[in-house]
Amino acid sequence: MDFFHCQIKTMVEEGKIEVLANQRSIEDWLSHARELVPVALDRAREVKGFPARWRKIISKLEQIPSCLSDLSSHPCFSKNALSKEQLQAVSRTLAEAIKLAESCLGEKCEGKLRMQSDLDSLSGKLDLNLRDCGLLIKTGVLGEVSEPVSAPNSSTKMEAVTSSNIKELLARLQIGSLEAKHRALDCILELMKEDEKSLFAALGRSNIGALIQMLTATSTCIREKSITVICSIIESGNYKNWLVSEGVLPPLIRLLESGSSVGKEKAVISVQRLSMSAETARALVGHGGIQPLIETCRTGDSILQAAAACALKNISALPEVRQSLSEQGIVKVMTNLLDCGILLGTKEYAAECLQNLTAANENLRKLVISEGGVRSLLAYLDRPLPQESAVSALRNLVGSLPPEKLVSLNFLPRLVHVLKSGSLGAQQAAALAICRACDSEEMKKLVGEAGCIPLLIKLLEAKPHSAREIAAQAVSSLITLPQNRKEIKKDDQSVPNLVQLLDSSPQNTAKKYAVLCLLCLSSSQKCRRMMTSHGAIGYLKKLAEMDIPGAKKLLERLEMGKLRSLLSRN
């Protein structure tokens with residue numbers, strides 16, 4: 001054995017393989033690693049015990065020379081700090097292989113199981129070294145000339161870093177030991193405070209995959225830091241598809257189930273943002289995400305409840321999963337949030353969720369009614385600015401409730417409140433609820449007596465075509481009752497507003513209802529005169545050509561009335 005090999009043996013035995021780490025150049029480390037390989041192979045081949053494990057180790061040791069050659073042949077090999085660190089890691093592993101082989105040869109084993117464990121650990125380190133060398137080349141980080149990025153000091157801010165520094169820092173998430181990756185996470189969190197935009201711009205798919213893998217680390221601290229970074233990435237609106245395709249959903253759901261308080265908060269916010277995509281919402285259901293979200297709504301604090309309710313609202317927009325949601329208790333949970341939710345946003349998400357659930361499913365409507373959902377929605381409407389979602393949910397439920405139930409719940413006074421002070425969307429939903437409720441003469445009478453008619457006539461002036469159509473539909477439903485017709489006639493704006501809806505343009509979808517309403521009012525000479533004076537005849541001629549139901553009949557009445565008026569004057 002030559003002097004160098006004797007020196008290696010001495011250093012290995014004394015545990016001094018890294019004593020000169022900072023003094024050696026990168027070329028020295030490359031030479032050192034190459035000289036360790038044959039020593040490690042010679043010793044490994046001499047070992048007789050544990051033959052299967054040593055054969056596996058030998059096959060991996062034999063791959064190291066080509067790996068080192070690929071690494072050192074890169075043009076920027078000698079200028080990048082990661083190259084030197086990687087050579088040091090390979091040298092440590094080779095030194096460990098030599099030491100274990102010497103132990104087996106000298107029968108210094110402390111125990112069979114201990115040695116088996118040490119050999120398995122060595123095999124894993126060799127895999128890591130080979131993988132990391134490949135990653136250094138594949139990620140392209142070696143093409144960047146950089147100085148080492150140290151872990152941030154709590155007493156000083158992190159200095160500004162260049163693009164090459166950021167790429168190197170991100171590469172550290174993929175190579176080295178878990179502790180090294182942990183240090184890289186600390187640097188990334190510090191960098192996010194200073195230049196989050198540059199960091200996110202440099203992210204690659206492999207970096208995101210590495211972050212996701214760290215969500216399953218045994219260390220709570222590492223999981224919390226990883227989810228903090230991932231949550232920030234999601235909130236930036238970037239890389240959502242990469243995150244999902246790289247498998248972020250299962251670890252997020254596990255954090256929801258059993259993570260720390262920080263982990264749960266960041267996980268539920270991440271799930272909320274990701275669930276905005278219908279495809280991702282389906283994937284959340286497939287990975288068992290419903291129950292953890294429902295449980296968060298039951299037991300989480302106000303912030304967690306709001307985010308979980310929003311995620312469930314997004315999921316409930318998928319018709320095919322609504323039955324599964326109901327079977328897992330979502331209706332009761334959302335009803336409770338409407339009653340007891342602390343944040344207004346939480347109540348709004350709960351109302352939207354119930355709106356989605358009751359959209360086209362009679363069984364779910366009955367379930368919401370039986371769970372007290374109607375009372376909770378009506379109570380939510382008593383706020384100064386009633387929200388569209390709650391009115392829309394009630395609109396879906398109206399057809400499943402008998403008139404006497406609607407009366408006992410003070411349903412109509414709440415609708416009047418919405419028509420007076422709600423947003424335009426809420427007013428539209430209230431008008432449509434009236435349409436659905438007026439399936440009997442009794443309900444039409446109650447709606448008229450509640451004071452809805454003047455408010456619906458006012459809604460005929462709304463700018464959106466959809467709002468005018470719904471208001472006209474509601475008026476056409478109510479006008480068939482004589483006492484409601486008298487109420488409509490008394491309103492000076494009823495005829496002018498209805499005539500304006502006779503416009504023949506395709507965008508005006510309210511014209512058919514306007515014709516029916518005006519036809520009912522045309523028995524009154526006063527109303528006919530108002531129709532004529534506001535230009536109804538010109539509109540009706542076009543509508544009659546379009547075969548709009550009732551247009552031709554109304555036109556004849558107005559023209560006949562005009563002729564009679566002319567003859568009487570003559």
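Note that the UniProt record's numbering has the sequence shown beginning at 1, numbered continuously upward.
Backbone N, C-alpha and C define an ideal beta-carbon position, used for all residues, glycine too.
Remember, it's a predicted structure, so these values are computed and weren't measured experimentally.
Next on the checklist: Suppose the cutoff is 8 Å on Cβ atoms and the five residues either side in sequence are ignored; what does the same chain contact list for ALA151 look like?
Outcome noted: Confidence in ALA151 is poor, its pLDDT being 44 and thus under 50, which makes the residue's placement unreliable; the coordinate value appears in the next sentence. Leaving aside the five residues that flank ALA151 on each side, the residues in its chain whose CB is nearer than 8 Å to its CB run, in chain order, ARG183, ASP186 and CYS187.
Next on the checklist: Let me confirm a value: ILE470 is counted as buried when at least 16 other C-beta atoms fall within 10 Å, else exposed. Which label applies?
Outcome noted: Flag for ILE470 reads buried.
Item to check | Beta bridge counterpart(s) of ASN410 as assigned by DSSP | outcome: In the DSSP output, where bridge partners are listed per residue, ASN410 has none listed.
Item to check | Every unbroken beta strand (DSSP E) within the segment 444-500, with a cutoff of 3 residues, ordered by chain | outcome: Listed in chain order, there is nothing to give.
Next on the checklist: Taking its Cβ as the centre, do 16 or more other Cβ atoms sit within 10 Å of GLU449, making it buried, or is it exposed?
Outcome noted: With fewer than 16 Cβ atoms within 10 Å of its Cβ, GLU449 is classed as exposed.
Checklist entry - Where do the N-terminal and C-terminal ends of the alpha helix (DSSP H) with THR220 fall, by residue? => result For THR220, the enclosing alpha helix (DSSP H) begins and ends at 220-235.
Next on the checklist: Please classify THR156 as buried or exposed, where buried requires at least 16 neighbouring CB atoms within 10 angstroms.
Outcome noted: Unreliable placement is indicated for THR156, whose pLDDT of 38 sits below 50; no coordinate value is reported for it.
Item to check | Residues that DSSP places opposite ASN336 in a beta bridge | outcome: Answer is none; ASN336 lacks a bridge partner.
Checklist entry - Comparing the C-beta of GLN483 with each C-beta of chain B, is any distance below 8 Å? => result Here there is only one protein chain, and chain B is not present.
Next on the checklist: One question on the structure: do VAL271 and GLY288 come within less than 8 Å of each other, judged by their Cβ atoms?
Outcome noted: Their beta carbons are not under 8 Å apart, which means VAL271 does not touch GLY288 by this criterion.
Next on the checklist: Any heavy atom of the ligand MN closer than 7 Å to the beta-carbon of GLY237?
Outcome noted: The ligand content of the structure shown is nil, which means the ligand MN is not present either.
Checklist entry - Are the segment 512-528 and the segment 539-555 in contact at 8 Å, needing three or more beta carbon pairs? => result Yes, they touch.
Next on the checklist: Need the endpoints of the alpha helix (DSSP H) that LYS79 sits in, please.
Outcome noted: Segment: none, LYS79 is in no alpha helix (DSSP H) and carries neither H nor E.
Next on the checklist: Rounded to the nearest angstrom, what separates LEU419 and SER302 at their Cα positions?
Outcome noted: LEU419 and SER302 have their C-alpha atoms some 31 Å from each other.
Checklist entry - For LYS167 versus LEU173, is the C-beta distance shorter than 8 Å? => result In this structure, LYS167 lies away from LEU173, with their beta-carbon atoms at least 8 Å apart.
Next on the checklist: With a threshold of 7 Å on Cβ separation, who are the neighbours of ASN484 within its own chain once the five nearest residues in sequence on each side are excluded?
Outcome noted: Excluding sequence neighbours, ASN484 sits near LYS444, GLY448, ILE453 and LEU478.
Checklist entry - Where does CYS67 sit, in a helix, a strand or coil, going by DSSP? => result Looking at CYS67 - three-state DSSP - the assignment turns out to be helix.
Next on the checklist: Excluding the 5 residues flanking THR216 on each side, which residues of the same chain have their C-beta closer than 8 Å to its C-beta?
Outcome noted: Excluding residues within five positions, the ones whose Cβ falls inside 8 Å are ARG223, PRO251 and ARG254.
Item to check | Secondary structure of THR296, DSSP reduced to three states | outcome: Correct three-state label for THR296: helix.
Checklist entry - Run through DSSP, which three-state label would ILE175 get? => result Of the three classes helix, strand and coil, the one that applies to ILE175 here is coil, per DSSP.
Checklist entry - Mapping DSSP to helix, strand and coil, what is THR216? => result Three-state result, THR216: coil.
Checklist entry - What is the rounded straight-line gap between the Cα of VAL285 and the Cα of VAL321? => result Cα-Cα distance, rounded: 8 Å.
Item to check | Straight-line Cα distance separating GLU179 from GLU27 | outcome: A direct Cα-to-Cα measurement between GLU27 and GLU179 gives close to 26 Å.
Checklist entry - Which one of ARG205, HIS417, LEU135 and SER117 has the shortest CA to CA distance from TYR380? => result The option with the nearest alpha carbon to TYR380 is HIS417.
Checklist entry - Would ALA201 be called buried (16 or more neighbouring beta carbons within 10 Å of its own) or exposed? => result Exposed is the call here.
Item to check | Buried or exposed by the 16-neighbour rule on C-beta atoms within 10 Å, applied to GLN427 | outcome: If you draw a 10 Å sphere on the C-beta of GLN427, you find 16 or more other C-beta atoms in it, and that means buried.
Checklist entry - Counting along the chain, where does the alpha helix (DSSP H) carrying ALA351 start and finish? => result Looking at the DSSP string, the run of the alpha helix (DSSP H) that includes ALA351 is 344-357.
Item to check | Rounded Cβ spacing between LEU100 and ASP118 (contact assumed at less than 8 Å) | outcome: LEU100 to ASP118, Cβ: 6 Å. Contact.
Checklist entry - Are the CB atoms of ALA393 and THR346 nearer to each other than 8 Å? => result Going by beta carbons, ALA393 and THR346 fall outside the 8 Å limit.
Next on the checklist: Can you give me the C-alpha to C-alpha distance between CYS231 and ASN238, rounded to a whole angstrom?
Outcome noted: In this structure, the CA atom of CYS231 is about 11 Å from the CA atom of ASN238.
Checklist entry - From VAL499 to THR509, what does the alpha carbon distance come to, in whole angstroms? => result VAL499 and THR509: Cα-Cα distance of roughly 14 Å.
Item to check | Same chain, Cβ closer than 8 Å to LYS541, neighbours up to 5 away in sequence not counted | outcome: Excluding residues within five positions, the ones whose Cβ falls inside 8 Å are LEU555.
Item to check | Cα-Cα separation between ASN356 and ILE269, rounded to whole angstroms | outcome: C-alpha separation (whole angstroms): 21 Å.
Item to check | Three-state class that DSSP yields for ALA551 in the structure shown | outcome: Note: ALA551 maps to helix in three-state DSSP.
Next on the checklist: Between which two residues does the alpha helix (DSSP H) holding GLU62 run?
Outcome noted: GLU62 -> no alpha helix (DSSP H), and no H or E assigned at all.
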